[in-house]
DNA sequence: CGGGTGACTCAAA
DNA sequence: TTTTGAGCCACCC
């Protein structure tokens with residue numbers, strides 16, 4: 009039972025289904041820290057260190073790829089999403105509602 | 001110990 | 001309409 013905020017973020021993120029995305033706020037809320045969306049991003053900053061976390065499936069509330077600049081490449085994040093069938097344009101996910109995966113609802 | 005920063009979000013001016 | 005401010009909390013110097 010990980011009480012570590014980070015660990016939970018990794019776990020939830022890892023549970024994101026293929027071709028789906030979620031938001032920092034959704035994860036934070038699921039973890040009981042709705043106001044701490046920043047921590048979710050901060051947690052992902054470690055990029056799971058040694059965990060295999062698909063951080064590219066986590067975006068801000070508007071579906072904007074705010075964290076893409078933290079990825080290795082400049083467009084790696086977008087390409088990963090597109091490779092999963094998600095349409096991304098101008099650093100923003102199109103039809104976000106169609107892909108949005110809410111852990112508190114579907115997990 | 002204190003201050004600055006950040007992959008966020010909401011609400012008010 | 002856009003711009004600010006505030007809340008959150010972990011990490012770094």
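Numbering (the working numbering), first residue to last: 9 to 115. Even for Gly, the Cβ is constructed at its ideal location relative to N, Cα and C.
1. Residue 95 and residue 71 - do their beta-carbons sit closer together than 7 Å?
2. Relative to the C-alpha of residue 89, which candidate in 22, 113, 39 and 27 has its C-alpha closest?
3. Check residue 97 in the structure and name its three-state DSSP category.
4. Give a single yes or no on whether residue 14 has its beta carbon closer than 6 Å to a heavy atom of the ligand GTP.
5. Here's the rule I'm using: 16 or more other beta-carbon atoms within 10 Å means buried, otherwise exposed. How should residue 97 be labelled?
6. Which residue's Cα is closest to the Cα of residue 124: 99, 93 and 23?
7. Between the beta-carbon of residue 17 and the beta-carbon of residue 65, is there less than 7 Å?
8. Based on the DSSP secondary-structure assignment, which residues constitute the bridge partners of residue 82?
9. If I measure Cβ to Cβ from residue 85 and keep anything under 6 Å in the same chain, skipping five residues before and after, which residues do I get?
Let me lay it out:
1. In the first chain, counting from the first residue as 1, residue 71 sits at position 63. In the first chain, counting from the first residue as 1, residue 95 sits at position 87. Residue 71 is not a Cβ neighbour of residue 95, given a cutoff of 7 Å.
2. Position 81 of the first chain, counting from 1, holds the residue named residue 89. Of the candidates 22, 113, 39 and 27, the one whose C-alpha sits nearest the C-alpha of residue 89 is 27.
3. Numbered from 1 along the first chain, position 89 holds the residue referred to as residue 97. It is a strand residue.
4. Summarising the ligand content, the structure contains no ligands, and the ligand GTP is consequently not present.
5. Taking the first chain and counting its residues from 1, one reaches residue 97 at position 89. Residue 97 comes out exposed.
6. In the structure displayed, the chain extends from 9 to 115; residue 124 sits before or after that span and is not available.
7. Numbered from 1 along the first chain, position 9 holds the residue referred to as residue 17. Numbered from 1 along the first chain, position 57 holds the residue referred to as residue 65. Their beta carbons are not under 7 Å apart, which means residue 17 does not touch residue 65 by this criterion.
8. Reading the first chain from its first residue, position 74 is the one you call residue 82. DSSP, once it has assigned bridges, lists no residue as partnering residue 82.
9. Taking the first residue of the first chain as position 1, residue 85 is located at position 77. Non-local beta-carbon contacts of residue 85 in its own chain, meaning distances under 6 Å to residues more than five positions away in sequence, involve 64, 73, 76 and 79 in chain order.
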